[in-house]
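Just below is one structure, and these are the notes that go with it.
Numbering (the working numbering), first residue to last: 2 to 579.
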């Protein structure tokens, strides 16, 4: 899709908005399929060459066919972009020059203002507004039956090349609109955020980084990952196997639910998929029910019919001795649940990424339970996909709170956080450069309620501050021709700063948004205050009895003129050091 970068793009967005208003639509559909994947021949070629490259200190790029210097022998796996319509061009990329400077364009230009690093240490004391229960308390009794998983997307681990954040693969090629020889320039770069940078490691750094992600998730109260199986060979497959081992080494109780991605996997042979599942199931980290059945939860299960899945289940049992608890995840639960019920232990759906329309999940849970099945509820924070030209209005933290509320009040059995780290969808809960630990820390509060049945006592004042760094209707001034428009069914776009307070007692909250200073009274407990977005940075602090306590700064500046469109919400928490 091409258009003039100013007048025509804005007119198109207004036209689309009018169409959306006229047509009712289900918010629960995920109208996206994952795009083009590396061909098997390319993956095999990369495999044959990796030994030579490792010996020479060159990383081989399986998509470009060109060696990239200044990188580790592991190289960087190209992510599989999610989305309907044409996938990003995967043409040949030129090698990076020696000591390539960090770019100053796009999302990369925002930099790392505080030199933030994910040290891998445990959650610091006082990070949360409540005292987090120990993992054993969340895994025993009734709490242990309420499971929370986070959707793990293998293309975006903590690091792709073990380089420093100023010049690593994320910075050079994914945040930079000119990265990967400009193939993402049409939509302003592949990503708008990235994992919170980590210090380069010696030895098996990929394994160590995966262990660190498991520790981070466990500290948040998460029971395991749902592992998006994008391919049955190549880098993403290797990383899947490595994650299984990393989970076992960190915590034998941390489980990995296998989720074959039916928008990505190319096999039509049930035996091929069954064999791959059986290989991963050999790892003790593979999630099984107490009765020993292996949980298999395919993404977009309706891509194959019930007879096909029945054969997968039968082959697992007869050829591999594996009994299966089948929990299909649908993009359209209502249309397919009846057909799949006879072979299913439970159901799930991908869900909506906007805070409106979440009440429909009540019907889904009731329908699943009425069939005698468990329900895995999607919980999300936001969704913005530059390479697809769509986004949902998350309303600061409103979507996170609304989806958790539905999981709690509707009696969901399990929860899936969608997603842990799919940065191409902007849906990450994992600690990131632009959100720190804010969304994960917030999730720990609702997770504790979901698992224990009781709201945690707020024992320390904590503030969460969220805002975009540009206005929703801002036109990018760079070379971006594909701009994001609201997905049909989303809440309307808004330009707001949210101060979300967790207070032990009523207090005054003083705020600064750009040059505007103000304040409001906030009650004990949880309170959300919306303020108009303004150019500049934002901050807030709590004042009680004349004394200041919790303080939070959102250091990313809001501008009227922007080079690249970025509609993700940025967030910060007073519970963490800046």
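Quick reminder that beta carbons are idealized off the backbone N, C-alpha and C, glycines included. Being a predicted model, the structure only gives us computed values, none of them experimental.
Residue interval of the beta strand (DSSP E) (run including residue i)
i: residue 245; result: Not the beta strand (DSSP E): residue 245 falls in the alpha helix (DSSP H), residues 235-251.
i: residue 499; result: 497-504
i: residue 514; result: 508-514
i: residue 280; result: First-last for residue 280: 271-282, but that is the alpha helix (DSSP H), not the beta strand (DSSP E).
i: residue 137; result: Note, residue 137: premise wrong, no beta strand (DSSP E); alpha helix (DSSP H) at 136-139.
i: residue 225; result: 225-230
i: residue 256; result: 256-261
i: residue 571; result: 571-574
i: residue 470; result: No beta strand (DSSP E) contains residue 470, which DSSP labels as neither H nor E.
Straight-line Cα distance separating residue j from residue i
i: residue 332; j: residue 303; result: 8 Å
i: residue 249; j: residue 196; result: 22 Å
i: residue 131; j: residue 458; result: 6 Å
i: residue 136; j: residue 147; result: 13 Å
i: residue 371; j: residue 173; result: 51 Å
i: residue 299; j: residue 546; result: 54 Å
i: residue 336; j: residue 252; result: 38 Å
i: residue 356; j: residue 321; result: 43 Å
i: residue 14; j: residue 391; result: Residue confidence for residue 14 is low, a pLDDT of 42 falling below 50, so the modelled location carries little weight and cannot support an answer.
i: residue 440; j: residue 353; result: 17 Å
i: residue 27; j: residue 490; result: A caution first: residue 27 carries a pLDDT of 32, below 50, which makes its placement in the model too unreliable to give a value.
i: residue 185; j: residue 427; result: 16 Å
i: residue 382; j: residue 529; result: 16 Å
i: residue 314; j: residue 537; result: 56 Å
i: residue 329; j: residue 345; result: 7 Å
i: residue 559; j: residue 514; result: 10 Å
i: residue 517; j: residue 394; result: 25 Å
i: residue 525; j: residue 460; result: 11 Å
Run of the alpha helix (DSSP H) containing residue i, from where it starts to where it stops
i: residue 452; result: 439-453
i: residue 215; result: 206-220
i: residue 144; result: 142-146
Same chain only: Cβ atoms within 7 Å of residue i, ignoring 5 sequence neighbours per side
i: residue 243; result: 207, 208, 211
i: residue 629; result: No statement about residue 629 is possible, as the shown extent of the chain runs from 2 to 579 and does not include it.
i: residue 567; result: 108, 193, 470, 471
i: residue 565; result: 107, 108, 178, 189, 190, 477, 479, 481
i: residue 412; result: 366
Under 8 Å between C-beta atoms of residue i and residue j
i: residue 570; j: residue 468; result: yes
i: residue 229; j: residue 154; result: yes
i: residue 475; j: residue 561; result: yes
i: residue 143; j: residue 479; result: no
i: residue 247; j: residue 297; result: no
i: residue 421; j: residue 226; result: yes
i: residue 187; j: residue 483; result: yes
i: residue 281; j: residue 326; result: no
i: residue 434; j: residue 198; result: yes
i: residue 415; j: residue 447; result: no
i: residue 376; j: residue 365; result: yes
i: residue 463; j: residue 430; result: no
i: residue 380; j: residue 399; result: no
i: residue 477; j: residue 217; result: no
i: residue 167; j: residue 160; result: no
i: residue 523; j: residue 396; result: no
i: residue 257; j: residue 286; result: yes
i: residue 580; j: residue 125; result: Past the boundaries of the shown model lies residue 580; the chain is included only from 2 to 579, so the question cannot be answered.
i: residue 498; j: residue 534; result: yes
i: residue 1; j: residue 466; result: Nothing can be reported for residue 1: it is not among the residues displayed for the chain, which extend from 2 to 579.
i: residue 165; j: residue 201; result: yes
i: residue 279; j: residue 317; result: yes
i: residue 293; j: residue 272; result: no
i: residue 158; j: residue 240; result: yes
i: residue 222; j: residue 307; result: no
Own chain partners of residue i with C-beta closer than 6 Å, once the 5 adjacent residues on each side are dropped
i: residue 171; result: 195
i: residue 520; result: 509, 511
i: residue 473; result: 494, 496
i: residue 506; result: 525
i: residue 339; result: none
i: residue 550; result: 462, 543
Residue i Cβ short of 7 Å to the ligand ZN heavy atom set
i: residue 232; result: In the structure shown, the ligand ZN is absent, as is every other ligand, since no ligand is present at all.
Spatial neighbours of residue i in its chain, beta-carbon cut-off 8 Å, leaving aside the 5 residues before and after
i: residue 581; result: Within the shown structure, residues of the chain are numbered from 2 to 579, placing residue 581 beyond reach of any answer.
i: residue 268; result: 233, 274
i: residue 140; result: 224, 254
Cβ of residue i within 8 Å of any chain C Cβ
i: residue 569; result: Of the protein chains in this structure there is only one, and it is not chain C.
**Study point:** Unbroken stretches of the beta strand (DSSP E), 3 residues or longer, contained in the region 148-195
**Key:** 148-154
Exercise for review: List in chain order: all unbroken beta strand (DSSP E) runs of 3+ residues lying wholly within the region 358-437.
Suggested key: Complete beta strand (DSSP E) runs here, min 3: 375-380, 384-386, 391-393, 415-418.
Check your understanding: In chain order, which alpha helix (DSSP H) runs of at least 4 residues are fully inside the region 298-360?
Key -> 307-321, 334-341
Exercise for review: Entirely within the region 512-559 and at least 3 residues each: give me those beta strand (DSSP E) ranges in chain order.
Suggested key: 517-523, 526-533, 537-545, 548-559
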